[in-house]
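Quick notes on the structure that follows.
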Ligand code: SF4
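Chains as they are written, first to last, in my numbering: chain A, 169 to 474; chain B, 27 to 435.
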C-alpha cells in the first residue's frame, strides 16, 4: 500500500478559484481522487456542495469530466453512464461523488439498487454530516448531539450506519476513509478501481462552515475524529473486515484520545451536556463492539479452517 | 414484413430496429410488455443491448439519461404514476439537450386506482421540453418511435422525445403491423449524434450552475429548437414515407377536412373511431372531418389553423382535464385558433370509459346543433359522461341562447 508522493500525478484536478469555502474538505478529497485515478475518472455529482464548488459556467472548478445529476439519481445515472462507456469500449472509471444527504437519505434507494445490481462503479459518500449547501440542515448522517439549523437543540438520533448498510449488500469492496488520511484514501481508491463491480468508499469530511470550526483545522479535526474513535478506518474486501492504521490500534479504548478533544473544537457541539457526552462515548463503544465481534468471528472461522 | 403485434410489442421492435444500446426500465401496467419484449429480444440474442432493471422510474430515466450522456442510444418506457415519478428527470434530460426516446403508454393517475386510459400523464409532460407525439394505431406507434430517434438526434433539435400510445386500447391490442427491415431503418437512421459526450479526458461539466441570463437564454434556445423541430419532423416523415410507403410528413392527420363544416379534434386511438363517426355523420348530411394531432410538442399550430379555416365548429375531444379550466387539448387548440370557429371542448372517456364511434357522432351532432341554433358558441368544458352532457364551469361562458342554460338546469 506504500504510496510515494513523488510518483503521484502533478496534474491538477481541482482548479484554483473554485467556489468552495476556505478549508473545504470536499476540495481536499477531490484532489486525492484525481491523484488516485487520474484521467480515467468520470464523475457523477448529485446535488450538493460539489455541484456548487464547480462555480458558474463557463468556469469549471473540477478538472475531470462531470455529469451533474438530480439529488436522488447519483447511482442510477452512473449505472447508465458506466454501461454506455463499457459498450463503447472506453477505458473509464465512473465515480459517484455524493454528499451524505444524496447518499443516506434521498439517494439511498438508487444506491442500494445499483449495489444489488453490481454496477461497475465507485460510489463515494463525501460525508460532511449535514445538508451544508442548503444551509446546514440535519441529514441521516448527522451525528448525535450535533446542532444544525433543523436540530437547534442537538440531534437526538445516531448516525445511520451507511458502510454497514452497503456492506450488507455483499458488494466486493466497502471502505471508510477520511480527508485527514490522504494516503489511506488514495490507496483505497486505487484498490477499488482494480476491482470489478460495485465499490463504496465513505469519506469523512469535516466542514468548517457547518461544524463551526476554524477553517485552518479541517485536517486536524478529521484526524481527531479517527484518533478519538469517533470515525473508524476499515475496509470490507469480499466481506472480510480489516482495520486500517491508525484505527487498528484503537480497539483498546485506552489508546483512544478523549472524545472531548474532538468535540470542543466544534461550535456544533458547544451545547452538549455531560449526559450527551456519555451517550457519545456509549455510541463509540457500540461501534467498536461491532467491529470487535466481527473480527473475532473471522478469527474463529479461520481457526475452524485450520 | 407484415405481422400481428400488440402496440407494446411494436414499440419494442422499433427500439430494436433503432439499434438502441441501453434500456433502463421499471414495470408498470400497461407498459410492462414493452420492456418484457425487449428483455426477451436481448436474451435471445436478437437485440444487442444492455438492459438495466432499475428499482424505480426515477432511476429508469436517470440510468437511460446517464447512458445517453455516455454516447449511446438509450430508451425507456413508462406510464401514469411511473411518469409522474420521473417528472424531475424529464426536466433534467431536456434541459441537458440529451436525445433520448421514451414510450408513454397512457393511463389514468390515481387515486382512485385505475389502470385504464387517460391522457393526464402524457399531457402533464408538455412543459418539460420533450418532443411529444401520439400514435393512433400500432403501426404508427412503431413508425413514430423509429422516427423519434432521428428527430431528437438532429443537431437542429437535440431534445428528448416521447411517443404516446393508449393504454390497453393499443398497448394490449393485436393489429397487423408492417415491420420495416433493418436495412431500411439503418438507411433512415444515421449513427447517433449528440451535443456532448461525457467520457474520460473530456473536461466538461453537464448540468452545472449558470448565471441567470444564460439560463434564460438556454430556455429561449430550447423553445427555438422546438420550432425548428417542425421542419425536421416534416423532413424525416417525408423520407420515412419514401422508404416505407408510409409518410408522416404532416404533424397532423386530417381526415375529410377540406370540405368539412365540423371538425372533431383530438389525439390518440379514439380518433380512429372519430373517422368512422365522420363518415356516419356525412351520411346524415353533416359534413364532418377529423383533425388528429400526431404531435403535441412542437405544437402544430400552422397546420391546425390551416385545417380550421372556414369551419363552423371544432369539437375538441379531451381524455383529461385541467381542473378548474378545460381539457388541455381544448386550451391548446383554442389558443391556436383564437376561438374563431365555434369551439366546444368535450372531456370524455377518462379512466378508460368506453367511447364508441356512435358516441362521438352524437357528441358532434349535439354540438353542431348548438351552433346551428345559437350561432357562434364557445364552450370550454362540456363533459360527456355515459351518454349525457354535463356543462362544467365557467358557467357564465359567452354562449348565446337557451339550449345550454336548459341543459344546466
Ligand atoms: S459548506 Fe463545507 S463542504 Fe460545503 S463547500 Fe463549504 S466547506 Fe465545503
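Ideal Cβ positions, reconstructed from N, Cα and C, are used throughout, including at glycine.
Since we're looking at a predicted model, the values are computed, not measured.
Helix, strand or coil at residue i according to DSSP, with G and I counted as helix
i                      : result
residue 397 of chain B : helix
residue 427 of chain B : Confidence in residue 427 of chain B is poor, its pLDDT being 45 and thus under 50, which makes the residue's placement unreliable; the coordinate value appears in the next sentence. Coil.
residue 197 of chain B : coil
residue 302 of chain A : coil
residue 235 of chain B : strand
residue 236 of chain A : strand
residue 449 of chain A : helix
residue 132 of chain B : strand
residue 243 of chain B : helix
residue 435 of chain B : Because residue 435 of chain B sits at a pLDDT of 46, beneath the cut-off of 50, its placement in the model cannot be relied upon, and the following sentence gives the value as read from the coordinates. Note: residue 435 of chain B maps to coil in three-state DSSP.
residue 249 of chain B : helix
residue 43 of chain B  : helix
residue 343 of chain A : strand
residue 301 of chain B : helix
residue 477 of chain A : Residue 477 of chain A lies beyond the stretch modelled for chain A, which goes from 169 to 474, so this question has no answer here.
residue 388 of chain A : helix
residue 383 of chain A : coil
residue 224 of chain A : strand
residue 50 of chain B  : strand
residue 316 of chain A : strand
residue 321 of chain B : strand
residue 36 of chain B  : helix
residue 270 of chain B : helix
residue 371 of chain A : strand
residue 365 of chain A : coil
residue 315 of chain B : strand
residue 187 of chain A : coil
residue 258 of chain B : helix
residue 98 of chain B  : coil
Limits of the beta strand (DSSP E) - the one that residue i falls within
i                      : result
residue 292 of chain A : 290-295
residue 197 of chain A : It is not in any beta strand (DSSP E) - residue 197 of chain A instead sits in the alpha helix (DSSP H) that spans 193-205.
residue 350 of chain A : Looking at the DSSP string, residue 350 of chain A is not in any beta strand (DSSP E); the run it does join, the alpha helix (DSSP H), is 350-361.
residue 225 of chain B : Here residue 225 of chain B belongs to no beta strand (DSSP E), and DSSP marks it neither H nor E.
residue 280 of chain B : 278-281
residue 267 of chain A : 261-267
residue 214 of chain A : 209-214
residue 333 of chain A : First-last for residue 333 of chain A: 330-335, but that is the alpha helix (DSSP H), not the beta strand (DSSP E).
residue 29 of chain B  : 28-32
residue 403 of chain A : 402-405
Residue range of the alpha helix (DSSP H) that includes residue i
i                      : result
residue 311 of chain B : Here residue 311 of chain B belongs to no alpha helix (DSSP H), and DSSP marks it neither H nor E.
residue 118 of chain B : 106-121
residue 288 of chain B : Here residue 288 of chain B belongs to no alpha helix (DSSP H); instead the beta strand (DSSP E) covers 288-292.
residue 219 of chain A : 217-221
residue 244 of chain A : 242-255
residue 230 of chain A : Taken as a continuous stretch (DSSP letters only), residue 230 of chain A belongs to no alpha helix (DSSP H), as it is neither H nor E.
residue 334 of chain B : 327-334
residue 379 of chain A : 376-379
For this session: Identify each residue in the stretch 205-238 of chain B for which the Cβ-Cβ distance to at least one residue of chain A is less than 7 Å, and report them in chain order.
Result: So the list reads 224, 225, 226, 227, 228, 229, 230, 231, 232, 233, 234, 235, 236, 237, given in the order they occur along the chain.
For this session: Entirely within the stretch 53-96 of chain B and at least 4 residues each: give me those alpha helix (DSSP H) ranges in chain order.
Result: Complete alpha helix (DSSP H) runs here, min 4: 58-69, 83-95.
For this session: Report the residues of the stretch 241-253 of chain A with a CB closer than 7 Å to any CB of chain B, ordered along the chain.
Result: Sequence-ordered contacts of the stretch 241-253 of chain A with chain B read 241, 244, 245, 246, 247, 248, 249, 251, 252, 253 [C-beta pairs closer than 7 Å].
For this session: Please specify which runs of the alpha helix (DSSP H), each continuous and at least 4 residues long, are wholly inside the stretch 149-218 of chain B, giving them in chain order.
Result: Complete alpha helix (DSSP H) runs here, min 4: 164-178, 208-214.
For this session: Could you pull out every unbroken beta strand (DSSP E) segment of at least 3 residues lying fully inside the stretch 407-444 of chain A, listed in chain order?
Result: Assignment of beta strand (DSSP E) within the stretch 407-444 of chain A, counting only whole runs of 3 or more residues, yields 408-411 in chain order.
For this session: May I ask you to list, following chain order, the residues of the stretch 107-134 of chain B that have a beta carbon less than 7 Å from some beta carbon of chain A?
Result: Within the stretch 107-134 of chain B, contact with chain A at the beta-carbon level (separation under 7 Å) is assigned to 114, 115, 118.
For this session: Taking only runs that begin and end inside the stretch 340-419 of chain B, name each unbroken alpha helix (DSSP H) of 4 or more residues, in chain order.
Result: You should have 354-363, 383-400.
Exercise. When you check each C-beta in the stretch 90-104 of chain B against every C-beta of chain A, which residues fall closer than 9 Å?
Worked result: The residues in question are 90, 91, 92, 93, 94, 95, 96, 97, 98, 100.
Exercise. In the stretch 42-60 of chain B, which residues sit with their C-beta less than 9 Å from some C-beta in chain A, listed in chain order?
Worked result: Residues 47, 48, 50.
Problem set entry | Under 8 Å (Cβ pairs) to chain B, residues found in the stretch 227-238 of chain A | Residues passing the 8 Å Cβ filter: 228, 230, 231, 232, 233, 234, 235, 236, 237, 238.
Problem set entry | Residues in the stretch 76-87 of chain B having any Cβ partner in chain A nearer than 9 Å | Listed by position along the chain: 76, 78, 79, 80, 81, 82, 84, 85, 86, 87.
Problem set entry | Residues of the stretch 324-355 of chain A with Cβ closer than 9 Å to any Cβ of chain B, in chain order | Of all residues in the stretch 324-355 of chain A, none places a beta-carbon less than 9 Å from a beta-carbon of chain B.
For this session: Give, in chain order, every residue of the stretch 269-301 of chain A whose Cβ lies closer than 9 Å to some Cβ of chain B.
Result: Taking 9 Å as the upper bound on Cβ-Cβ separation, chain B lies near residues 277, 278, 280, 281, 282, 284, 285, 287 of the stretch 269-301 of chain A.
Problem set entry | Interface positions of the stretch 209-222 of chain A facing chain B (Cβ-Cβ less than 8 Å), listed along the chain | The stretch 209-222 of chain A vs chain B, Cβ under 8 Å: 209, 210, 212, 219, 220, 222.
Problem set entry | Residues, ordered as in the chain, of the stretch 177-209 of chain A that lie near chain B by beta-carbon distance below 8 Å | Listed by position, the residues of the stretch 177-209 of chain A near chain B (Cβ gap below 8 Å) are 207, 208, 209.
Exercise. According to a CB-to-CB cut-off of less than 8 Å, which residues of the stretch 182-197 of chain B neighbour chain A?
Worked result: Residues of the stretch 182-197 of chain B with a C-beta less than 8 Å from any C-beta of chain A: none at all.
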